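Reading through the structure tokens given below for one structure.
2 protein chains.
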Amino acid sequence: MNDDRREGVAETITVRRRLVDELPDALPPAPARFLLTDENVARLLVRGWHDRPGYRWSELPQHVVPAGEASKTWETLGAVLRAMDAAGLDRDGQLVAVGGGVVTDLGGFAASLHRRGVDWVAVPTTLVGQVDAALGGKTAVDLGGGKNTVGTFHHPAAVLVDPTCLATLDRRELAAGMAEVLKTALLDGPDAWDAACALDEEAVRTGSDATVAVIRRCLATKGVLVERDPFDRGERRLLNLGHTFGHALEALALAAAPRAGAAASGLLHGEAVGLGLLCAARLGAGRADGPLEEVLRAQLRTWGLPETRAVEADAVLAEMGRDKKRRAGGHVLVVVAAPGEVGVRRDVPEEEIRAALEAIRPR
Amino acid sequence: MNDDRREGVAETITVRRRLVDELPDALPPAPARFLLTDENVARLLVRGWHDRPGYRWSELPQHVVPAGEASKTWETLGAVLRAMDAAGLDRDGQLVAVGGGVVTDLGGFAASLHRRGVDWVAVPTTLVGQVDAALGGKTAVDLGGGKNTVGTFHHPAAVLVDPTCLATLDRRELAAGMAEVLKTALLDGPDAWDAACALDEEAVRTGSDATVAVIRRCLATKGVLVERDPFDRGERRLLNLGHTFGHALEALALAAAPRAGAAASGLLHGEAVGLGLLCAARLGAGRADGPLEEVLRAQLRTWGLPETRAVEADAVLAEMGRDKKRRAGGHVLVVVAAPGEVGVRRDVPEEEIRAALEAIRPR
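So the protein lines, in turn, are chains Z and V. In this note's numbering, each residue's number is its place in the first sequence (first place is 1) plus 10. In this note's numbering, each residue's number is its place in the second sequence (first place is 1) plus 10.
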């Protein structure tokens, strides 16, 4: 293994308020840089950087993609790569991706291919990006109808998290990010869970000390799993807690309104994960009134996240079967009995999955 | 480092006559396969496989790209990936790339991205593919006007070489491949050089024992360098012998006839490498009548490869400067004084480069 090639998690993870204002100093040194962002972030955040003394952001070669999942395509990735080539970014250059999960997935992917791999830095600006998407080295775009069907493993040289970026998020996006926070806290244990549950919108939006602590803890929890399983062949699967149910719900929502996209279809990724957590808790408790399910439900309610979803169990099972086809064997699910009490169950019978789906059935 | 990820050279390298006839048995086991090839190879080679007893090639999901460098594009790569997705190839599936350097570059690239990486097998059918392109893990397509501007490192699980495939190559392609054979033999040493010089067209086309031995030796020489420098940061640069001059000559030829492509522009990659070897030998000898240059010139003549090229030294230097911009510092060139006496020279002065170009000046 060549030392120039990082295969662990990011070398530097920094979580600090107003970090974006110090960005030129916080970035790892590089002889040349290229900035990737989306239209929203460019307007709300990056524009304000141009006049900073000491660093001329306006002179940095950059590419701005439209905001939203619709930019996570093969064609957009090609456009990013053409812009990097036109900018003459060398092999020792650095791509800086500032934005949500779409921008960091796209940026990491482009960085892994340009000149067969250049360094990149993730500056996630959404909650889901800050606690989850920017870390782990998985890059991807959607191709052929599926999500994340093509991609690479390419860890960022640094992940720079400024929670004050969250001030500009709309409430629904913020809440969807909280579902990932809750998931990661459940993987971690009772302390992390209590800390996550103690957050409220005001605290998160202002990047309070408590918020900084929760984000750091989420990144540490994910980092340990990624470090143990860099290419997602085993242990990292715990991160799928809530996601197997969640992906099926998302796919069904998208199938119902394919052109509208995830948001308009009525189910953001984080919202689907929240529902998936309820199912995973029901499966973990083995009965309807487990204590975790109740506190989880209360948390989702606090954040305005959905607790129910009208879906046919058969349709969910069909979607889970499609997902499962990518691996051999029966249904593999991550279940949770209590914070920190998480496990992978193999060959889960269909009856149990149907029973778990009762947790999200509309009353 | 996860064991599932290969970072050395290919696990299996097999060179054997009639290997393609035994291909089903020679391929590493896989639950599912996907075949990538080009129109020429499909017509000349793959079509004959369909009726083989014991293996139904015709039932294998496959994608056929047009023959030639024009297929090494971002768009074609996207089409290959869409076909792999449509075929439902799983993460444990295997891509089999049968063809020249374009097909193996494209196939390795697609395999590295599909589901974030599946195994692939290279079955090179051209001489340049068999001795060079299929081994080393470098995958690429052309984007933004440059060659191999985007790509990945993704070693094939196996490289399967059948020299009898060379029977169908046209003479010019065969000769261009011989330039890479000569280059690799110069890196290796006197024995390898003598063995390479002893080959003739009849021997190569029939895949004689001597040809098999030379191909094996070329692959071993490249394999050692790749193994020592998997991500092309140092030692592997020796493989650039003849290529720094060669790339500049190729780029100038393409610039003169951009739409026509490499072949029509009057200079194949291997032909440019042959000319580059003459320059590298002149540079290595430090004088015009070095003994290596003379035997090299005789070899090029034997194979009908060009010994001269009408180019302006200024234009070549400008192209080499553009290439150089990708790294820091002055001109870095690989020079050769005799078979096995090869070295990397840094900050080569322009006067010496001009003097070396005299080696290919038309009389």
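Virtual Cβ for every residue (Gly too), placed ideally from N, Cα, C. From a predicted model like this one, the values you see are computed outputs, not experimental measurements.
Subject >> Sequence-distant residues of its chain with Cβ nearer than 6 Å to Z:ARG243 (five each side left out) >> reply: Locating residue 243 of chain Z in the first sequence gives position 233, counting from the first residue. Nothing listed; no residue qualifies.
Subject >> Neighbouring residues, chain V, relative to Z:TRP84 (Cβ below 7 Å) >> reply: Taking the first residue of the first sequence as position 1, residue 84 of chain Z is located at position 74. Ordered by position in chain V, the residues that pass the 7 Å Cβ test against Z:TRP84 are GLY88.
Subject >> Proximity of V:PRO366 and V:ARG292 at Cβ, strictly below 8 Å >> reply: For the purposes of this step, residue 366 of chain V is identified with residue 356 of the second sequence, where counting begins at 1. For the purposes of this step, residue 292 of chain V is identified with residue 282 of the second sequence, where counting begins at 1. Position check: residue 366 of chain V holds Ala in this sequence, whereas Pro was assumed. Going by C-beta atoms, V:ALA366 is nearer than 8 Å to V:ARG292.
Original post:
What alpha helix (DSSP H) runs, 4 residues minimum, are completely inside the region 101 to 161 of chain Z?
Top reply: 111 to 123
Original post:
Among Z:GLY331, Z:ILE225 and Z:GLU85, which one has its Cα closest to the Cα of Z:THR254?
Top reply: Against the first sequence, residue 254 of chain Z aligns to sequence position 244. Nearest C-alpha to Z:THR254: Z:GLY331.
Subject >> Cβ neighbours of Z:ARG15 in the same chain (closer than 6 Å, five flanking residues each side left out) >> reply: Counting from 1 along the first sequence, the entry for residue 15 of chain Z is found at position 5. For Z:ARG15, the predicted model reports a pLDDT of 40, less than 50, meaning its position is unreliable; a value from the coordinates is still stated below. Apart from sequence neighbours up to five positions away, no residue of its chain approaches Z:ARG15 with a beta-carbon distance below 6 Å.
Subject >> chain V contact residues for Z:HIS124, given Cβ-Cβ distances below 7 Å >> reply: By one-based count along the first sequence, residue 124 of chain Z stands at place 114. What Z:HIS124 touches in chain V: VAL160.
**OP:** Kindly indicate if chain V contains any beta-carbon less than 8 Å away from that of Z:ARG307.
**Re:** Here residue 307 of chain Z refers to the residue found at position 297 of the first sequence. No, no contact with chain V.
Subject >> Nonlocal neighbours in the same chain, by C-beta distance under 6 Å from Z:LEU343, ignoring five residues either side >> reply: Sequence index remark: in the first sequence, residue 343 of chain Z carries index 333 (1-based). Taken in chain order, the residues that qualify are THR254, ARG355 and VAL358.
**OP:** Give a yes or no on whether 8 Å exceeds the smallest Cβ distance from Z:GLY340 to chain V.
**Re:** Your numbering for residue 340 of chain Z matches position 330 in the first sequence. No, no contact with chain V.
Original post:
Just the Cα atoms here: how many angstroms apart are V:PRO173 and V:LEU29?
Top reply: The residue you call residue 173 of chain V lines up with position 163 of the second sequence. The residue you call residue 29 of chain V lines up with position 19 of the second sequence. When rounded, the distance between both Cα atoms is 8 Å.
Subject >> C-alpha gap between V:TRP130 and Z:THR86, whole angstroms >> reply: On the second sequence, position 120 is the one that residue 130 of chain V refers to. On the first sequence, position 76 is the one that residue 86 of chain Z refers to. Their Cα atoms are separated by approximately 26 Å.
**OP:** May I ask you to report which of helix, strand or coil DSSP gives V:GLU351?
**Re:** Taking the second sequence and counting its residues from 1, the one referred to as residue 351 of chain V is at position 341. Look at V:GLU351 here: in three-state DSSP terms it is strand.
**OP:** With 8 Å as the limit, tell me which residues of the region 160 to 175 of chain V have their beta carbon closer than that to any beta carbon of chain Z; keep them in chain order.
**Re:** VAL160, GLY161, THR162 and PHE163
Subject >> Length of the line joining the Cα atoms of V:VAL106 and V:HIS73 >> reply: Taking the first residue of the second sequence as position 1, residue 106 of chain V is located at position 96. Taking the first residue of the second sequence as position 1, residue 73 of chain V is located at position 63. The straight-line gap from Cα to Cα measures roughly 11 Å.
Subject >> Supposed close pair Z:VAL236, Z:GLY88 - CB separation, criterion 8 Å >> reply: Position 226 of the first sequence holds residue 236 of chain Z. Position 78 of the first sequence holds residue 88 of chain Z. Not confirmed; about 28 Å, so no contact.
Original post:
For Z:ALA206 versus Z:VAL191, is the C-beta spacing smaller than 8 Å?
Top reply: In the first sequence, the residue the question calls residue 206 of chain Z occupies position 196. In the first sequence, the residue the question calls residue 191 of chain Z occupies position 181. Against a cut-off of 8 Å, the Cβ pair of Z:VAL191 and Z:ALA206 comes out as a contact.
**OP:** Taking a Cβ distance cut-off of 8 Å, strictly less, list which residues of the region 221 to 240 of chain Z are near chain V, in chain order.
**Re:** ASP239 and PRO240
Original post:
Can you tell me the Cα-Cα spacing of Z:ASP115 and Z:VAL90, whole angstroms?
Top reply: Translated into positions along the first sequence, residue 115 of chain Z becomes position 105. Translated into positions along the first sequence, residue 90 of chain Z becomes position 80. So the two alpha carbons sit approximately 12 Å from each other.
Original post:
With distances taken between CB atoms, is the gap from V:ALA40 to V:ASP95 smaller than 8 Å?
Top reply: To locate residue 40 of chain V, count along the second sequence from 1; it is residue 30. To locate residue 95 of chain V, count along the second sequence from 1; it is residue 85. For V:ALA40 and V:ASP95, no; Cβs fall outside 8 Å.
Original post:
When you compare each of V:GLY353, V:VAL224 and V:VAL151 to V:VAL171 by their alpha carbons, which one comes out closest?
Top reply: The residue labelled residue 171 of chain V in the question sits at position 161 within the second sequence. It is V:VAL224 whose Cα lies nearest to the Cα of V:VAL171.
Subject >> Three-state secondary structure assigned by DSSP to V:HIS279 >> reply: Numbered from 1 along the second sequence, position 269 holds the residue referred to as residue 279 of chain V. Helix at V:HIS279.
**OP:** Go ahead and pull the three-state DSSP assignment for V:ASP13.
**Re:** Position 3 of the second sequence, counting from 1, holds the residue named residue 13 of chain V. Only weak support is given to the placement of V:ASP13: the predicted model assigns it a pLDDT of 31, under 50, and the value that follows is read from those uncertain coordinates. In the structure shown, V:ASP13 falls within a coil segment according to DSSP collapsed to helix, strand and coil.
Subject >> Contacting positions in the region 93 to 109 of chain V - beta carbon closer than 7 Å to chain Z >> reply: ASP95, ALA96, ASP100 and ARG101
Subject >> Endpoints, alpha helix (DSSP H) assigned at Z:LEU184 >> reply: Position 174 of the first sequence, counting from 1, holds the residue named residue 184 of chain Z. Z:LEU184 -> alpha helix (DSSP H) spans 181 to 198.
**OP:** Return helix, strand or coil for V:ARG373, following the three-state DSSP convention.
**Re:** Here residue 373 of chain V refers to the residue found at position 363 when the second sequence is read from its first residue. In the three-state reduction of the DSSP assignment, V:ARG373 falls in the coil class.
Original post:
In or out: V:ASP180 buried (at least 16 other Cβ within 10 Å) or exposed?
Top reply: Here residue 180 of chain V refers to the residue found at position 170 of the second sequence. Classification for V:ASP180: exposed.
**OP:** Taking 8 Å as the cut-off, decide whether the C-beta atoms of V:PRO200 and V:PRO71 are in contact.
**Re:** By 1-based counting over the second sequence, the position of residue 200 of chain V is 190. By 1-based counting over the second sequence, the position of residue 71 of chain V is 61. No, Cβ-Cβ distance for V:PRO200 and V:PRO71 is not below 8 Å.
**OP:** Could you tell me the boundaries of the beta strand (DSSP E) in which Z:LEU170 lies?
**Re:** Position 160 of the first sequence, counted from the first residue, corresponds to residue 170 of chain Z. Its beta strand (DSSP E) spans residues 168 to 171.
Subject >> Buried or exposed by the 16-neighbour rule on C-beta atoms within 10 Å, applied to Z:ARG227 >> reply: The count along the first sequence starts at 1 and reaches residue 227 of chain Z at position 217. Looking at its Cβ environment, which holds 16 or more other Cβ atoms inside 10 Å, Z:ARG227 is buried.
Original post:
Who are the near neighbours of V:LEU327 in its chain, counting only those whose CB is closer than 7 Å to its CB and skipping five residues on each side?
Top reply: Locating residue 327 of chain V in the second sequence gives position 317, counting from the first residue. Within the same chain, V:LEU327 has close Cβ partners GLU360 and ILE363.
Subject >> Helix, strand or coil at Z:THR318 according to DSSP, with G and I counted as helix >> reply: As a working mapping, residue 318 of chain Z is identified with position 308 in the first sequence. Residue state, collapsed to three classes: coil.
**OP:** Leaving aside the five residues before and after Z:ALA97 along the sequence, list all residues of the same chain whose C-beta is less than 7 Å from its C-beta, in chain order.
**Re:** As a working note, residue 97 of chain Z is residue 87 in the first sequence. Result list for Z:ALA97: PHE44 and PRO71, in chain order.
Original post:
Closest to Z:HIS165 by CA distance: which of Z:THR178, Z:ALA213, Z:GLY252 and Z:VAL128 is it?
Top reply: The residue labelled residue 165 of chain Z in the question sits at position 155 within the first sequence. For the residues Z:THR178, Z:ALA213, Z:GLY252 and Z:VAL128, the minimum Cα distance to Z:HIS165 belongs to Z:VAL128.
Original post:
Between which two residues does the beta strand (DSSP E) carrying Z:LEU176 extend?
Top reply: By one-based count along the first sequence, residue 176 of chain Z stands at place 166. Where Z:LEU176 is concerned, there is no enclosing beta strand (DSSP E), given that its DSSP letter is neither H nor E.
Original post:
Do V:GLU329 and V:ALA266 have their C-beta atoms within less than 8 Å of each other?
Top reply: Here residue 329 of chain V is taken as the residue at index 319 of the second sequence, counted from 1. Here residue 266 of chain V is taken as the residue at index 256 of the second sequence, counted from 1. Result no, Cβ atoms of V:GLU329 and V:ALA266 do not sit closer than 8 Å.
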